[in-house]
Structure formats: structure tokens, C-alpha cells
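A quick write-up on the structure given underneath.
Residue numbers (our numbering): 22 to 739.
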């Protein structure tokens with residue numbers, strides 16, 4: 022079914038023949054781009070590799086729909102990931118096709134559309150929508166109180182941000198209660214109870230956050246068919262940009278809005294899906310043809326950004342992912358400089374090297390990219406100290422308010438003021454005091470009442486067993502040494518004999534921030550100077566006005582969609598980036614594979630930001646991702662995959678499908694299971710339904726009949 026084409030509304034549009042349009046607007050588009058721009062009807066998934074000109078193609082397609090096919094601009098809705106992206110696309114459309122026509126186009130975020138749906142329905146029934154919370158500070162007090170009540174611990178700013186991320190994830194993934202409980206096991210806090218209390222409080226106060234907008238809008242569309250029909254009629258043509266970053270609930274809303282005509286044009290690339298922590302749902306791209314009847318999948322595989330050596334290595338690297346469509350990135354540019362791998366003695370040498378690069382005031386746009394903001398802190402420390410200008414893509418001070426950094430600062434602060442019982446109550450159980458909660462409560466109560474130090478109160482009370490008192494006294498004596506220590510000595514005491522390192526380990530808290538603290542401590546001198554430096558750096562990042570330079574510091578996430586002449590990728594070592602490597606890369610379960618492949622996608626996005634030069638650092642730690650990139654670049658030989666044990670490579674015997682063995686065979690299969698097909702080789706099960714199984718191989722997704730593969734022994738578990 023075609024959308025509305027209204028010649029009366031086209032007076033300001035340029036009516037062109039197909040040939041005239043391409044001569045005027047599309048002379049530089051390649052065959053794949055032109056095919057995508059001309060495809061107007063039905064569900065279409067356009068998979069666009071990095072640097073392939075997806076925005077140019079999407080904008081050109083919008084012009085083609087209007088100028089050649091005569092579709093009214095008002096009948097087309099284009100959804101983008103952010104408000105900024107919507108503005109950029111509107112500007113590019115107006116520059117190409119004129120501002121008058123551009124003013125009639127709809128470039129919006131999905132949250133903007135949901136807000137309109139909610140407002141429209143509220144107006145119809147005479148009720149005001151809940152108040153939208155646009156600033157997280159408006160609910161910070163509420164969330165802090167809930168966290169404190171549930172966890173019985175005062176949260177740091179980092180704790181609160183983590184909880185916000187989890188709540189957003191729950192809503193966007195539409196997790197049921199058992200799904201939230203499973204998430205709870207991974208995050209280590211009572212997120213289900215926190216989530217329930219937060220939602221109840223927001224409803225009681227008649228407030229909603231941005232994720233609630235999605236929930237409420239979807240519920241309205243499902244509950245009121247006339248509202249859904251009204252929204253579908255507004256925009257019979259729907260375009261979606263950055264589809265790989267779209268969440269599960271957003272994809273469901275988009276499918277509802279697309280309606281029966283399903284004139285849905287979705288642009289994305291699952292290889293560039295790197296926002297899993299925000300509930301990005303690349304599975305929607307993998308399942309597009311199953312979800313949408315008669316769907317087309319088109320490709321844009323030419324990279325115009327990077328030199329051929331970078332493109333070939335990046336493509337070879339990402340081909341090892343399994344949860345992806347079959348496509349091959351190719352370079353439009355010739356071969357340039359080789360990818361460089363610089364070997365250094367230690368992690369800290371990266372920062373010294375890069376500080377010299379920054380001081381040289383590079384003429385070309387040069388970016389330092391990393392997985393997490395905390396990897397940039399030691400470099401910021403050096404650059405600020407030596408007065409070297411730099412550009413920080415996004416300011417993030419979460420490192421300084423994280424639980425680990427807050428603990429270190431509290432320990433050092435208490436050592437300076439040992440009568441501060443509030444600080445003592447926050448650190449005693451993280452050190453080797455061996456005090457129980459009741460013991461600590463009695464000590465702090467007595468210390469506060471009689472103006473004593475906690476140790477004085479412990480001795481005076483006589484309530485502690487001798488062994489506990491000895492342990493407490495030993496910790497106390499070491500605490501009193503801290504103010505006289507150098508920063509490095511203080512860190513060694515805290516992490517070692519004071520027991521904080523053991524606390525991190527037994528609590529399952531990642532220690533990734535400790536090396537960053539050591540790096541800052543190594544340049545600070547005394548323990549007090551170290552604390553002061555942490556304060557100064559936090560203030561510097563909060564108050565600095567970003568200068569425009571050619572030396573740019575950024576996370577890979579913040580640089581998505583951007584490009585630089587030269588890219589330095591730092592901290593690509595196991596345990597840092599990626600944070601963890603599966604024990605057996607050949608036999609991962611579904612969750613391990615999903616997590617691991619996103620880590621690899623993030624690396625892929627990072628290396629494809631480089632136009633001319635790509636440089637990576639290696640130091641004395643295993644570096645799985647760098648090794649795999651070297652293999653793809655031909656720097657080192659590829660390691661062949663390990664063959665499965667002979668006992669496991671046994672084909673199922675010939676059997677009739679009504680045998681008990683067939684049902685046992687079917688029961689042994691599961692989504693995410695690694696399997697081997699007699700013809701196509703290793704694969705992963707993506708879907709099981711009825712008597713069919715869909716398997717992802719290196720060259721794409723293939724469906725099979727379960728009775729056939731069982732009878733003929735064609736498919737078996739790895």
C-alpha cells in the first residue's frame with residue numbers, strides 16, 4: 022500500500038523526472054546508495070558500513086520521495102537518535118533541497134513523537150499528562166533516599182548514576198520481574214526493590230522521566246486503536262536513522278507507527294551497535310526480515326573515510342563476529358600508512374608519549390580514543406600540569422565521585438581527623454578491623470558522646486574480644502602513618518596491610534580505578550598533595566571551558582559518527598579494554614557471546630574513526646583485541662580455531678522424527694548454542710520455532726528443518 026501523494030501540497034517542491042533528479046542531486050552517489058534512495062515502498066533495512074555516506078543517502082532519498090514520487094513532505098516522518106542529529110539532518114536537507122521545503126519536513130526523536138502522542142491523548146480526554154522530569158537533579162533526592170533505605174548505605178554520585186542507568190535499561194528492554202532479578206545478580210544491588218519504589222514514587226508525584234514517555238506512549242497506542250490509526254495516518258512513510266542504537270521498546274513503537282503499509286525505511290549497522298548498557302537492541306536488525314513481511318535488506322559497503330589498509334583490517338576484524346548480517350566493507354581510498362603498533366614498557370608510558378604528541382601542536386586532527394572516561398584522567402593530569410591545550414570531547418567527573426575513589430579519599434581524610442566518627446562508620450568494614458556492625462555502632466556512639474577517637478572508645482568500653490582489639494589497633498596505627506607518607510606509600514598501605522585491596526576483591530568490585538589513582542599519586546608527592554590534586558583535577562574538569570585544538574581526548578562512544586585524521590587507541594589490554602575475555606572464545610554461551618561481540622564492535626567503531634593514521638599501544642599485558650586486529654591486518658599469522666574434542670563431533674544417527682531421540686535432540690538445542698553444520702561449518706543458533714531452527718554462520722543466517730537435520734545428522738552441538 023502506497024502512502025498519500027498530494028500534488029496540491031507540492032507547489033513549493035521541484036517536480037523532477039528520475040533522470041533529472043539524479044543529474045541535479047545524485048551525481049556522486051554510487052550504485053548501492055542510489056538503489057537505497059530509490060527504494061520507496063515496504064519495509065527496507067539499509068545496512069551502512071562506517072564512512073559509507075548514510076546521512077547523505079537518507080537525505081537524498083527524502084528528496085527523491087518528494088521531488089520524483091510526489092509524496093507530500095508532511096507525510097514523511099524521520100526519526101533520529103538525538104535532538105542534535107535531528108537538527109543536523111534538517112539543516113542538510115534544507116541546504117540541498119531548499120529551506121521552504123525543509124520547513125515542511127518532520128525530523129524528530131522518538132521521545133519527541135511519544136511526547137506528542139501523550140499530549141494529544143491527554144487533550145482529547147481532558148487530562149494533563151504527568152510532568153516530565155527533564156533534569157536528573159530533580160529526582161536525585163528521591164533516588165538517593167530510596168537507595169539509602171534499600172541498601173542501608175549512603176550512595177556516591179557514581180552509585181546513583183549506575184542506578185539510573187539500570188532503571189533506564191529495565192524500562193527500555195521491557196524486562197519482566199524475573200529478568201530484573203537476573204540483572205540484580207550481575208549488578209550486586211537490590212535493583213528490583215529500588216526500581217519498584219522509584220516507579221511508585223514517580224506515579225504518586227505525577228511525574229515521569231524520558232523512559233516513562235516510551236512506556237506510556239506504547240501503552241496508549243496498544244490500548245486505543247483509534248489513537249494508533251490517527252498516528253499511522255499522519256505519516257505513512259517512516260524513516261529511522263541509527264537503528265542499531267534504538268532500544269527494544271523504541272523498535273516496538275516504531276513497528277506500531279509503521280502500521281499495515283509498513284513503509285519503514287530503517288538505516289543502521291549492527292556492527293556499530295555499542296550502546297548495550299543503554300538497552301540498544303541490535304537483534305531488531307538481525308530479525309528484520311522475520312518481523313516485517315517481504316522486507317528488503319540493502320547494503321552500502323563502500324567506506325569513503327579511511328585508507329584501504331585500515332578498512333581491510335577493520336573488515337577482517339569484524340568478520341569474526343557471528344551476530345551480524347553478511348557484508349564486506351571495501352575502501353574507496355587507496356592504501357596509505359600501515360597501522361602502527363607501538364610497544365611500551367608499561368601502561369603509564371602511553372600518557373608520557375601522548376603528552377609529547379600534544380605538546381607538538383599537531384596540524385592534523387588527532388584523537389586519543391579509549392573505552393572509558395577514566396582512561397583519560399592520567400593524560401588530563403599531565404596536560405593540565407604542563408599547560409598543554411587540548412580538547413575534551415565530553416566532560417565526565419564520575420571518576421572522582423565513584424565508590425572506589427570516594428573510599429580512598431575517606432580513608433585519607435579520616436587519617437587526618439581520627440575523631441570523625443561519620444567517616445569511620447563509612448570505612449571500618451572496608452579495612453582489616455574485623456569489627457562487626459554492632460561493635461562499630463557501639464564504638465561510634467560512645468566516641469560521639471564522649472568526644473573520643475573510635476580506638477579510645479573501643480579500649481574504654483572493654484567490649485571487644487582481645488583478638489579483634491589487636492586487629493583494630495594494628496589498623497589504627499597504620500592509619501595514623503598515612504599523613505606522613507608519600508602518595509605512593511599511602512596507596513600501598515591502603516591497598517595492602519590496611520586491607521582495602523582485599524575488600525575490593527571479596528566484594529567483587531572492579532579495581533580498574535586503582536591504577537589511575539596510582540598514576541596521579543606518582544606525580545603528586547605527599548598524601549595530602551595527592552588528595553589536593555584529586556580535588557584540583559575534579560574542579561578543573563567541572564569549570565574548564567573547552568578550547569578548540571587539533572588534539573582531542575574522547576571515549577569511543579562520544580566519537581561515534583565522527584572522524585579524525587589520526588587516531589591513537591589507548592588501554593586496549595585485557596582487563597582494561599576489554600574488561601574481561603571469555604575463558605574459551607570457541608565455546609561461549611549466548612550471554613558471553615553477546616557481551617564479547619559488543620566489546621569487539623566498540624573496538625571496530627574506534628578503529629574506523631581514523632582517516633589516515635591508526636596507532637595502538639601495547640604494553641606488558643595480554644591484548645586479545647590488538648592480536649585479532651594484527652591478524653586481520655596480516656601483521657601476524659591468523660590462529661586457526663581450536664577443533665572441538667573428537668567425542669563431541671559425533672553426528673546424530675539416522676532416525677525417524679517420532680523417535681524419542683528426536684525430542685531429546687530438539688531439547689538439547691537452545692538459542693545462543695554453538696553448533697556445527699555438516700556443510701556450512703560453525704554457527705550459533707539465533708532462533709528456534711516449531712520444527713525450524715535459524716543458525717547464524719559467518720556468511721549469514723540460514724533456516725533449517727529440524728527433522729531434516731536430525732534425520733541426516735547435519736547439525737550438532739559444538
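Each residue gets a CB set at the ideal place from its N, CA and C atoms; glycine is no exception.
(message) Less than 9 angstroms between the C-beta atoms of residue 630 and residue 695, yes or no?
(response) Your numbering for residue 630 matches position 609 in the chain shown. Your numbering for residue 695 matches position 674 in the chain shown. It is not a contact, given that the beta carbons lie outside the stated cut-off.
(request) Report yes if the CB atom of residue 548 is closer than 9 angstroms to the CB atom of residue 511, and no otherwise. (result) One-based indexing of the chain shown puts residue 548 at position 527. One-based indexing of the chain shown puts residue 511 at position 490. Less than 9 angstroms divides the Cβ of residue 548 from the Cβ of residue 511.
(request) Give the DSSP-derived three-state secondary structure of residue 704 in the structure shown. (result) Within the chain shown, residue 704 is the residue found at index 683, counting from 1. Residue state, collapsed to three classes: strand.
(request) Please work out which residues of its chain come closer than 7 angstroms, Cβ to Cβ, to residue 546, disregarding the five sequence neighbours upstream and downstream, and give them in chain order. (result) Taking the chain shown and counting its residues from 1, the one referred to as residue 546 is at position 525. Its chain contains 507, 508 as the residues whose beta carbon lies nearer than 7 angstroms to that of residue 546, once the 5 sequence neighbours on both sides are disregarded; these appear in chain order.
(message) Quick check: what's the CA-CA separation for residue 37 versus residue 84?
(response) Start at 1 with the first residue of the chain shown, and residue 37 comes out as number 16. Start at 1 with the first residue of the chain shown, and residue 84 comes out as number 63. C-alpha separation (whole angstroms): 10 angstroms.
(request) Would you identify the three-state DSSP class for residue 60, choosing helix, strand or coil? (result) Position 39 of the chain shown, counting from 1, holds the residue named residue 60. In the structure shown, residue 60 falls within a coil segment according to DSSP collapsed to helix, strand and coil.
(request) Keeping to the same chain, check which residues put their C-beta closer than 7 angstroms to that of residue 647; ignore five residues upstream and five downstream. (result) Locating residue 647 in the chain shown gives position 626, where the first residue counts as 1. Its chain contains 362, 593, 637, 639 as the residues whose beta carbon lies nearer than 7 angstroms to that of residue 647, once the 5 sequence neighbours on both sides are disregarded; these appear in chain order.
(request) Look at the alpha carbon of residue 338 and the alpha carbon of residue 221, and state the distance between them as a whole number of angstroms. (result) Sequence index remark: in the chain shown, residue 338 carries index 317 (1-based). Sequence index remark: in the chain shown, residue 221 carries index 200 (1-based). Their backbone Cα atoms lie some 46 angstroms apart in a straight line.
(request) Kindly list the residues whose CB is nearer than 7 angstroms to the CB of residue 463, restricted to its own chain and excluding five residues on each side of it in sequence; keep chain order. (result) Here residue 463 refers to the residue found at position 442 of the chain shown. 482, 484, listed in sequence order.
(request) Would you check if there are 3 or more beta carbon pairs closer than 8 angstroms linking the region 603 to 622 to the region 554 to 572? (result) With a cut-off of 8 angstroms, the region 554 to 572 and the region 603 to 622 do not count as touching, because too few Cβ pairs lie within range.
(message) The beta strand (DSSP E) that contains residue 287, what's its start and end?
(response) Residue mapping note: residue 287 aligns to position 266 of the chain shown, counting from 1. Looking at the DSSP string, the run of the beta strand (DSSP E) that includes residue 287 is 285 to 289.
(request) Would you mind sorting residue 598 into buried or exposed? The rule is 16 or more other CB atoms within 10 Å of its CB. (result) Along the chain shown, one-based indexing puts residue 598 at 577. Residue 598 is buried by the Cβ-count criterion.
(request) Identify which residue in 473, 260, 724, 354 has its Cα closest to the Cα of residue 289. (result) One-based indexing of the chain shown puts residue 289 at position 268. Among 473, 260, 724, 354, the Cα nearest to that of residue 289 belongs to 260.
(message) Could you check whether the Cβ of residue 211 sits closer than 8 angstroms to any heavy atom belonging to the ligand GDP?
(response) Summarising the ligand content, the structure contains no ligands, and the ligand GDP is consequently not present.
(message) With the cut-off set at 9 angstroms, would you say residue 167 and residue 97 are in Cβ contact?
(response) As a working mapping, residue 167 is identified with position 146 in the chain shown. As a working mapping, residue 97 is identified with position 76 in the chain shown. The answer is no: Cβ separation not under 9 angstroms.
(request) Out of 426, 471, 424, 421, point me to the one whose CA is closest to residue 441's CA. (result) Counting from 1 along the chain shown, the entry for residue 441 is found at position 420. Nearest of 426, 471, 424, 421 to residue 441, Cα basis: 471.
(request) Within the same chain, show all residues whose beta-carbon is closer than 8 angstroms to that of residue 563, passing over the 5 residues directly before and after it, in chain order. (result) Along the chain shown, one-based indexing puts residue 563 at 542. Within the same chain, 416, 418 come within 8 angstroms of residue 563 by CB-CB distance, once the 5 residues on both sides are set aside.
(request) Quick one: using the 10 Å Cβ neighbour count with 16 as the cut-off for buried, is residue 175 buried or exposed? (result) Counting from 1 along the chain shown, the entry for residue 175 is found at position 154. It is exposed - the Cβ of residue 175 has fewer than 16 other Cβ atoms within 10 Å.
(request) Out of 93, 132, 139, 80, state which residue places its alpha-carbon closest to the alpha-carbon of residue 115. (result) Taking the chain shown and counting its residues from 1, one reaches residue 115 at position 94. Comparing alpha-carbon positions, the option among 93, 132, 139, 80 lying closest to residue 115 turns out to be 80.
(request) Give the secondary structure of residue 589 by DSSP, where H, G and I count as helix, E and B as strand, and everything else as coil. (result) Translated into the one-based positions of the chain shown, residue 589 becomes position 568. Strand, per DSSP.
(message) Would residue 653 and residue 335 be called neighbours here (beta carbons separated by less than 9 angstroms)?
(response) By 1-based counting over the chain shown, the position of residue 653 is 632. By 1-based counting over the chain shown, the position of residue 335 is 314. A contact, by the Cβ cut-off of 9 angstroms.
(request) Reducing DSSP to helix, strand and coil, say where residue 246 ends up. (result) By 1-based counting over the chain shown, the position of residue 246 is 225. Reduced to three states, the DSSP call for residue 246 is helix.
(request) Report the rounded CA-to-CA distance for residue 187 versus residue 423, giving the unit in angstroms. (result) Translated into positions along the chain shown, residue 187 becomes position 166. Translated into positions along the chain shown, residue 423 becomes position 402. One C-alpha to the other measures close to 16 angstroms.
(request) State the CB to CB distance for the pair residue 57 and residue 66, rounded to an integer number of angstroms; the pair is presumed to be in contact (CB under 8 angstroms). (result) Here the question's residue 57 lines up with position 36 in the chain shown. Here the question's residue 66 lines up with position 45 in the chain shown. Residue 57 to residue 66, Cβ: 10 angstroms. No contact.
(request) Using beta-carbon positions only, say whether residue 536 and residue 436 come within less than 9 angstroms of one another. (result) Here residue 536 refers to the residue found at position 515 of the chain shown. Here residue 436 refers to the residue found at position 415 of the chain shown. Not a contact, by the Cβ cut-off of 9 angstroms.
(request) Return the CA-CA distance between residue 468 and residue 515, expressed in angstroms with no decimal places. (result) For the purposes of this step, residue 468 is taken as residue 447 along the chain shown, with counting starting at 1. For the purposes of this step, residue 515 is taken as residue 494 along the chain shown, with counting starting at 1. Rounded to whole angstroms, residue 468 to residue 515 spans 24 angstroms at the Cα level.
(request) Quick one: measure Cβ to Cβ for residue 138 and residue 252, integer angstroms, because I've assumed they're closer than 8 angstroms. (result) Walking along the chain shown from the start, residue 138 turns up at place 117. Walking along the chain shown from the start, residue 252 turns up at place 231. Yes, they are in contact, since the Cβ atoms of residue 138 and residue 252 sit about 6 angstroms apart, within 8 angstroms.
(message) Which residue marks the beginning of the beta strand (DSSP E) containing residue 260, and which one marks its end?
(response) Translated into the one-based positions of the chain shown, residue 260 becomes position 239. Judged by DSSP secondary structure, residue 260 falls within the beta strand (DSSP E) whose first and last residues are 258 to 261.
(request) Measure from the alpha carbon of residue 633 to the alpha carbon of each residue in 354, 541, 104, 140, then state which is nearest. (result) The residue given as residue 633 occupies position 612 in the chain shown. The closest CA to that of residue 633, considering only 354, 541, 104, 140, is found on 354.
(message) Quick check on residue 75: buried or exposed, where buried means 16 or more other Cβ atoms within 10 Å of its Cβ?
(response) Working through the chain shown from its first residue, we reach residue 75 at position 54. When all chains shown are included, residue 75 counts as buried.
(request) Just tell me which of 520, 486, 488 has its CA closest to the CA of residue 499. (result) As a working note, residue 499 is residue 478 in the chain shown. When the alpha-carbon of residue 499 is set against those of 520, 486, 488, the nearest one is in 520.
(message) Let me make sure I understand the geometry here. Which of 218, 119, 204, 269 has the alpha-carbon closest to that of residue 236?
(response) Walking along the chain shown from the start, residue 236 turns up at place 215. Looking at the Cα atoms, 269 is the closest of the given residues.
(message) Please state the DSSP three-state secondary structure of residue 666.
(response) As a position in the chain shown, residue 666 is number 645, starting the count at 1. Residue placement at residue 666 is poorly supported in this model, since its pLDDT is 44, which falls under 50; the coordinates still yield a value, given next. Coil at residue 666, not helix or strand.
(request) With DSSP collapsed to three states, give me the class of residue 713. (result) Numbered from 1 along the chain shown, position 692 holds the residue referred to as residue 713. Residue 713: strand per DSSP, three-state reduction.
(request) May I have the straight-line CA-CA distance separating residue 199 from residue 155, to the nearest angstrom? (result) Mapped onto the chain shown, residue 199 falls at position 178. Mapped onto the chain shown, residue 155 falls at position 134. About 30 angstroms.
(message) If contacts are defined as beta-carbon pairs under 8 angstroms, then residue 348 and residue 320 qualify, I think. What distance do you get, rounded to the angstrom?
(response) The residue you call residue 348 lines up with position 327 of the chain shown. The residue you call residue 320 lines up with position 299 of the chain shown. Taking C-beta atoms under 8 angstroms as the contact rule, residue 348 and residue 320 qualify, at a distance of about 5 angstroms.
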